[in-house]
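Asks: Here the protein sequences come in this chain order: A and B.
Taking the numbering used here, the leading residue of the first sequence gets 1, the next gets one more, and so forth.
Taking the numbering used here, the leading residue of the second sequence gets 1, the next gets one more, and so forth.
A virtual CB, placed ideally from N, CA and C, is assigned to each residue, including glycine.
Below is the structure I would like to discuss, written out as structure tokens.
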Amino acid sequence: MAEEKAKSIDNASLKMIEKAAKDGVNTAFDRAEAMKPCPIGMVGSCCKNCSMGPCRVPLPKSLEETPEDKRKRRGVCGATAETIAARNFIRMIAGGAAAHSDHGRGVAELFLAVAKGEASGYELKDEQKLLQVALDWGIEIGDRSNNEIAVDIGEKALSEFGKQEGEIDFLRRAPLKRQELWRQQGVAPRGIDREIVEIMHRTHMGVDQDYKNLLQQGVRASLADGWGGSMIATELQDILFGTPAPVLSKVNLGVIKKDEVNIIIHGHEPLLSEMIVAVSQDPEMIELAKSSGAKGINLAGICCTANEILIRHGVPLAGNFLQQELALVTGAVDAMVVDVQCIMQSLPDIAQCYHTKIITTSPKAKIPGAVHVEFDEHNAVESARAIVKTAIEAFPKRGSNIDIPKETTDLVAGFSHETINYLLGGIFRASYRPLNDNIINGRIRGVAGVVGCNNPRVTHDDIHVTMIKELIKNDVLVVQTGCSAMAAAKAGLLTPEAAKYAGKGLAEVCETVGIPPVLHMGSCVDNSRILMAVTAMVKEGGLGDDISDLPVAGAAPEWMSEKAISIGQYVVASGIYTVFGVNWPTLGSKEVTDFLFKDMEDMYGGMWAFEPDPIRAAHLMIAHIDKKRKALGIDKARERVLYDMDMRRELDAV
Amino acid sequence: MEYKIEKKPAPGRDEVEVLGDTFEEGKPEGEDVGKWRQKLGSREDKLKYLQNGERYWFSEEWFGSEKRKTPA
């Protein structure tokens, strides 16, 4: 009998999974066990884009597919398995790019309202970033006020979504060679919305039926996400709320406090959460909480809204994606405030077993059974106050069935690419030179971005942590975002002390600079910060002319969402080898998979790979890093020779 | 950053203005722990920092590996 897979490596989660079973609560872990993934849909071999189907075109069970078998593998409309797999894949990109980009649009709308003085309670906190974006977009600075500049930036940002021709403007931040490559391949995005809409058109029944052409449109839409919608979200959030700098905090369910009003903030957009952070510190609110018998108000976060308020305010993390239900199971969460993305519909059902109020805040994301307090950017303080009051009112209704795990771990987060630049050289010598030099001299073998979700099909957090430990052990500096960063945080990898897990070279550098070997750069839209960091490495010089020359790799070992596919695709199209775990959604077509795994390397210098085993995946990444080191001629330590005068004369004579 | 100017007696002159220390005193505490952008005070300082610190994108000429290339 096969050994049962552990549900998590995190003790706090395991305790709450056990408590959930005792309390009669059904979680994602139970549901994943009860419902196996559809084997045809999992590999991209099911098309449900019209009512002649759904059509299933699975690979034959025999190892070799005959030409006859292949001819038969078509939908009713005649679409081949390749077309179907490519359609499904790029529809995932469209979904992911739409999610990130609509987040960016929401930020841009609030940003413009703040700039015009129409959103009370908000301010433009980071003038430095405001000027940076103004320079990027050619917006006049002169003696104009920050608000005047911001109005132009806000309008420009919104116009990037609906642009019909030309190129999105942040594309010009990429290395010059990369920009040229995108133009040659015909994948430079014209406008953010346009590329997403075009995917939906091309994948409609009877439109684009060339899998290569479909996948190229997937590339174009993904670039509109990474260098467009996501980057706009990151940059404008930085101007509004501040560019992240290192901040000390804690992670895991133990941050929930028994004697305080616990508000968990969950989702992805920090627009309202920023205001909840401010309101929860209001003395009037704290007094109200005390009058309800609580000692104060405790905020903590789940998923990427949590990452956003962590990197700017140090608000602790209650946990990652698969801990959202488990936080409720503690019985001590008084309100869970959700915005958009990665929110499980089971939350209101679970909340019924306890006293918790689930509060939806976005008109785009309502859940039956939840209380809806709509976020109004023109009156955000009032929305935030209403939410905090709801939590305070829930506090006295807590049941006796409270059990909060004790586990918490310290972490340091907030490594924006600007802060890394500053940390490596200070105000007067800010530079990526020390990083490049240490890669060239071999102390650091390369850099890996490990990002993405949790997935109950694999042991929670295990794949992330095992992969990251293997990478840093081999002197690979790891940069992170999203739920993956939270997994590493729980394992204690986001503190400088984690240098003990690193190889000798990487540990030396981390100890000298005073940074952890694993750097938390933010939320999932903040993967755009990783794009900027690798671009800075290219532009600093010494490691080639393009991102694809760098000894770097990417991974999303526990991925589950369409956003992860969009991120992976723009990372690949930016020139980075990227390994995904869990399962791979095009395995139903060898041609499509080969195009993504092999042909893309010739086209973009980066390609996809699939490897569910974290150690093997880490070694694939290390092998790629070594391949790039060899191509750069930095794979071997060079003998250092001190030239005497005779040797110099000899050199001159040549 | 704001420079400290100290007045000191000088031989043959009454008092002269001398540039004071430019280092940070000790370990930052409270809100400022880990933060660095507040060190750039005026807009002029911030623009100068962008040209130098963020020179990969904002120096007057292309930087590093791209210095020798024609603009894309």
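For Gly53 (chain A), I'd like the list of residues in its chain whose CB is within less than 7 angstroms of its CB, leaving aside the five on either flank, ordered along the chain.
Replies: Cβ neighbours of Gly53 (chain A) beyond the five flanking positions: Cys47, Gly75 and Val76.
Asks: Below 7 angstroms CB to CB, which residues in the same chain sit around Thr360 (chain A) once its five sequence neighbours on both sides are set aside?
Replies: Answer for Thr360 (chain A): Val338, Lys366, Ile367, Ala370 and His372, listed in chain order.
Asks: Can you give the Cα-Cα distance for Ile239 (chain A) and Ile530 (chain A), rounded to whole angstroms?
Replies: Rounded to the nearest angstrom, the two C-alpha atoms are 18 angstroms apart.
Asks: Cα separation between Gly226 (chain A) and Gly104 (chain A)?
Replies: Using only the alpha carbons, I get a separation of about 11 angstroms.
Asks: Decide yes or no for the touch test of the stretch 131–148 of chain A against the stretch 244–252 of chain A: beta carbon pairs closer than 8 angstroms, at least 3 of them.
Replies: They do not touch, by the three-pair rule.
Asks: Check each candidate in A:Asn379, A:Gly425 and A:Leu632 and name the one with the smallest Cα separation from Gly442 (chain A).
Replies: Cα-wise, what sits closest to Gly442 (chain A) is A:Leu632.
Asks: Measuring straight from C-alpha to C-alpha, what distance separates Gly449 (chain A) and Gln480 (chain A)?
Replies: So the alpha carbons of these two residues sit roughly 6 angstroms apart.
Asks: Where does Ile141 (chain A) sit, in a helix, a strand or coil, going by DSSP?
Replies: If DSSP states are grouped into helix, strand and coil, Ile141 (chain A) belongs with coil.
Asks: What is the rounded straight-line gap between the Cα of Ala335 (chain A) and the Cα of Asp23 (chain A)?
Replies: Cα-Cα distance, rounded: 19 angstroms.
Asks: Does DSSP put Pro283 (chain A) in a helix, in a strand, or in coil?
Replies: Reduced to three states, the DSSP call for Pro283 (chain A) is helix.
Asks: Rounded to whole angstroms, what's the CA-CA distance from Cys483 (chain A) to Asn11 (chain A)? Just pull it up for me.
Replies: Approximately 17 angstroms between the Cα atoms of the pair.
Asks: Counting Cβ pairs closer than 8 angstroms, one from the stretch 383–391 of chain A and one from the stretch 261–280 of chain A, do we hit at least three?
Replies: These segments touch.
Asks: Let me see if you follow: with CB-CB separation under 8 angstroms, is Lys46 (chain B) close to chain A or not?
Replies: Judged by the 8 angstroms Cβ criterion, Lys46 (chain B) is in contact with chain A.
Asks: Note the first and the last residue of the continuous beta strand (DSSP E) segment covering Phe29 (chain A).
Replies: No beta strand (DSSP E) holds Phe29 (chain A); the alpha helix (DSSP H) holding it covers Ala28 to Ala34.
Asks: With Phe580 (chain A) and Gly568 (chain A) assumed to form a contact (beta carbons below 8 angstroms), what rounded beta-carbon distance in angstroms separates them?
Replies: Correct: roughly 6 angstroms between the Cβ atoms.
Asks: Run the CB neighbour count on Met1 (chain A), radius 10 Å, all protein chains shown included, and call it buried at 16 or more, exposed below.
Replies: At Met1 (chain A) the pLDDT is 46, less than 50, meaning the model places this residue with poor confidence; the figure from the coordinates comes in the next sentence. It is exposed - the Cβ of Met1 (chain A) has fewer than 16 other Cβ atoms within 10 Å.
Asks: Determine the direct distance from the alpha carbon of Arg173 (chain A) to that of Ser230 (chain A), and round the result to whole angstroms.
Replies: Distance between the alpha carbons of Ser230 (chain A) and Arg173 (chain A) is about 14 angstroms.
Asks: Three or more C-beta pairs closer than 8 angstroms, one from the stretch 116–125 of chain A and one from the stretch 87–94 of chain A: is that the case here?
Replies: Touching, no.
Asks: With a Cβ-Cβ cutoff of 8 angstroms, do Ala533 (chain A) and Pro517 (chain A) count as a contact?
Replies: Cβ distance not < 8 angstroms, so Ala533 (chain A) and Pro517 (chain A) don't count as in contact.
Asks: Is Ile537 (chain A) buried or exposed, if buried means 16 or more other CB atoms sit within 10 Å of its CB?
Replies: Here residue 537 (chain A) turns out to be Met, not Ile, going by the sequence shown. Met537 (chain A) should be labelled buried.
Asks: Which residues of the stretch 267–280 of chain A have a Cβ closer than 9 angstroms to any Cβ of chain B? Give them in chain order.
Replies: Residues passing the 9 angstroms Cβ filter: none.
Asks: Only counting the same chain, and skipping five residues up and downstream in sequence, which positions put a Cβ closer than 8 angstroms to that of Asp193 (chain A)?
Replies: Around Asp193 (chain A): Ser101, Phe161 and Gly162.
Asks: Assess contact between the stretch 301–313 of chain A and the stretch 322–331 of chain A, defined as three or more Cβ pairs (one per stretch) separated by less than 8 angstroms. Is contact present?
Replies: Yes: at least three Cβ pairs fall under 8 angstroms.
Asks: According to DSSP, simplified to helix, strand and coil, what is Lys357 (chain A)?
Replies: Looking at Lys357 (chain A) - three-state DSSP - the assignment turns out to be strand.
Asks: Could you check the C-alpha separation between Glu418 (chain A) and Glu64 (chain A) for me, to the nearest Å?
Replies: Rounded to whole angstroms, Glu418 (chain A) to Glu64 (chain A) spans 52 angstroms at the Cα level.
Asks: Can you tell which of A:Tyr211, A:Val641, A:Thr408 and A:Thr243 has the C-alpha that lies nearest to the C-alpha of Lys257 (chain A)?
Replies: Per the Cα distances, A:Thr408.
Asks: I want to see whether chain A comes within less than 8 angstroms of Lys35 (chain B), judged by CB atoms only; does it?
Replies: By this cut-off, Lys35 (chain B) is an interface position.
Asks: Taking Met16 (chain A) and Thr330 (chain A) to be in contact with their CB atoms under 8 angstroms, please state how far apart those CB atoms are, rounded to whole angstroms.
Replies: Met16 (chain A) to Thr330 (chain A), Cβ: 7 angstroms. Contact.
Asks: The stretch 219–244 of chain A: which residues have C-beta closer than 7 angstroms to a C-beta of chain B, in chain order?
Replies: Flagged, chain order: Thr243.
Asks: Looking at C-alpha atoms only, which residue of A:Trp559, A:His266, A:Asn421 and A:Thr234 is the closest neighbour of Asn527 (chain A)?
Replies: The shortest C-alpha separation from Asn527 (chain A) is found at A:Thr234.
Asks: Closest Cβ-Cβ distance between Glu127 (chain A) and chain B: below 8 angstroms?
Replies: Yes, Glu127 (chain A) lies at the interface with chain B (some Cβ there is under 8 angstroms from its Cβ).
Asks: I want to see whether chain B comes within less than 8 angstroms of Met1 (chain A), judged by CB atoms only; does it?
Replies: Confidence in Met1 (chain A) is poor, its pLDDT being 46 and thus under 50, which makes the residue's placement unreliable; the coordinate value appears in the next sentence. It does not: the Cβ of Met1 (chain A) has no partner Cβ on chain B nearer than 8 angstroms.
Asks: By the DSSP assignment, the beta strand (DSSP E) with Asp14 (chain B) in it spans what residues?
Replies: Element bounds for Asp14 (chain B): Arg13 to Leu19.
Asks: Are the C-beta atoms of Arg173 (chain A) and some chain B residue less than 8 angstroms apart?
Replies: Closer than 8 angstroms: yes.
Asks: Beta-carbon within less than 7 angstroms of Ala487 (chain A)'s beta-carbon, same chain only, minus the 5 sequence neighbours each way: which residues are those?
Replies: Counting only Cβ-Cβ distances below 7 angstroms, and skipping sequence neighbours, we find Asn320, Asp461, His464 and Val465.
Asks: Which term fits Ala6 (chain A), buried or exposed, when burial requires 16 or more other beta carbons within 10 angstroms of its beta carbon?
Replies: Burial call: exposed.
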